[in-house]
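Okay, structure first, notes after.
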Amino acid sequence: MPALLVLDHLEVARGGLRILHGVSLSVPQRRIVAILGQNGAGKSTLLNAAIGALPSRGGIAFDGRPVEALDLESRVRLGLSLVPERRELFGSMSVEDNLRLGRFRLRGGGQAMLREVFALFPALQERRRDPAGALSGGEQQMLAIGRALMGEPRLLMLDEPSLGLAPQAVGQILRAVVALRDNGLSVLLVEQNARAALRIADHGYVLEHGRVALEGPSGDIAADGRIVDAYLGLRGATA
Numbered sequence: 004m005p006a007l008l009v010l011d012h013l014e015v016a017r018g019g020l021r022i023l024h025g026v027s028l029s030v031p032q033r034r035i036v037a038i039l040g041q042n043g044a045g046k047s048t049l050l051n052a053a054i055g056a057l058p059s060r061g062g063i064a065f066d067g068r069p070v071e072a073l074d075l076e077s078r079v080r081l082g083l084s085l086v087p088e089r090r091e092l093f094g095s096m097s098v099e100d101n102l103r104l105g106r107f108r109l110r111g112g113g114q115a116m117l118r119e120v121f122a123l124f125p126a127l128q129e130r131r132r133d134p135a136g137a138l139s140g141g142e143q144q145m146l147a148i149g150r151a152l153m154g155e156p157r158l159l160m161l162d163e164p165s166l167g168l169a170p171q172a173v174g175q176i177l178r179a180v181v182a183l184r185d186n187g188l189s190v191l192l193v194e195q196n197a198r199a200a201l202r203i204a205d206h207g208y209v210l211e212h213g214r215v216a217l218e219g220p221s222g223d224i225a226a227d228g229r230i231v232d233a234y235l236g237l238r239g240a241t242a
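Counted from 1, the sequence shown has number 203 at position 200 by the working numbering; the numbering is strictly sequential.
Structural data, given as structure tokens:
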């Protein structure tokens, strides 16, 4: 399967502190790739560097084209999209207006994409006139993902989409991610809920102190007790 995103020896430093140390990874087309690791491993930094929100050194290629010299806006136009951990919704605006903001770079097709988002997240259609600030945490995460989808990305990057959500909401979000993959979207997923991420991902990378400690098919990572104990701390967890 051809790679849509390739990071080649990516390095990021902030305030004189090196955060990523030569990270290399790839995201194939129509696949879910999970980035796992403890707090401070560099997972969110990796996503922000990939989309151009943070300066970096090393190679970044999207669909075979080098993009490391492009700014964030240019990378978004090519088809990269990031849903940050903070969601960054406009709480006083309606659900539908928040969704339409995700379409501002494109002309036409807004109604069709709105229908697709509502089909993926029926709860948003039911609350389309409500202010975003009145939504539950799970609904707000659906809205943040839906807004990103309105821009018709080719690669969706998600930063901790299950953070702070009830188990039922986590299940809804992750099932939606699988549906997006099955419909042809590539997904780069950062998650601390490693067990849940490995259940839906095709491939996984484990970061430790800004380096790739290991990688492999997600099933192999989840099944190896040594990996679980050493890097993910999942032994005995119920998540």
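Ideal placement from N, C-alpha and C gives every residue a C-beta, glycine not left out.
The alpha helix (DSSP H) runs lying completely inside the stretch 104–151 and spanning 4 residues or more are 113–123 and 125–129, given in chain order. Contact between VAL15 and SER59 holds: their C-beta atoms lie close to 5 Å from each other, under 8 Å. As the crow flies, the alpha-carbon of ALA179 is around 31 Å from that of ILE22. The stretch 169–184 makes no contact with the stretch 23–31: fewer than 3 CB pairs, one atom from each, lie closer than 8 Å. Distance from the CA atom of LEU28 to the CA atom of TYR208, rounded to whole angstroms, is 8 Å.
Unbroken alpha helix (DSSP H) stretches of 4 residues or longer found wholly inside the stretch 13–86: 46–54 and 75–81, given in chain order. In this structure, DSSP gives GLY167 a state outside helix and strand, which the three-state scheme calls coil. The beta carbons of MET153 and LEU102 sit closer together than 8 Å. No residue range can be given for GLY154, since it is assigned to no alpha helix (DSSP H) and is classified by DSSP as neither H nor E. Pairing ALA52 with HIS212, the inter-Cα distance amounts to about 16 Å. Taking C-beta atoms as the reference points, PHE65 and LEU117 fail to come closer than 8 Å. With respect to the 8 Å criterion, VAL70 and LEU81 are classified as neighbours on the basis of their beta carbons. Following the DSSP letters along the chain, one finds ALA199 inside the alpha helix (DSSP H) bounded by residues 197–203. Our two residues, ARG17 and THR48, have alpha carbons roughly 10 Å apart in a direct line. With a beta-carbon spacing of about 15 Å, LEU188 and ARG150 fall beyond the 8 Å limit used to define contacts. Within the DSSP bridge table, the entry for PRO220 names HIS206 as partners. For the options PRO134, GLY40 and GLU119, the alpha carbon positioned closest to that of PHE93 is the one of PRO134. Remark: C-beta atoms of GLY40 and LYS46 approach each other more closely than 8 Å. Exposure of SER77 is indicated by the presence of fewer than 16 other C-beta atoms within 10 angstroms of its C-beta. Annotated three-state conformation of ARG214 is strand, per DSSP. Measuring C-alpha to C-alpha distances from LEU138 to each of LEU161, GLY19 and ARG90 identifies ARG90 as the nearest.
As the crow flies, the alpha-carbon of GLU88 is around 12 Å from that of GLN195.
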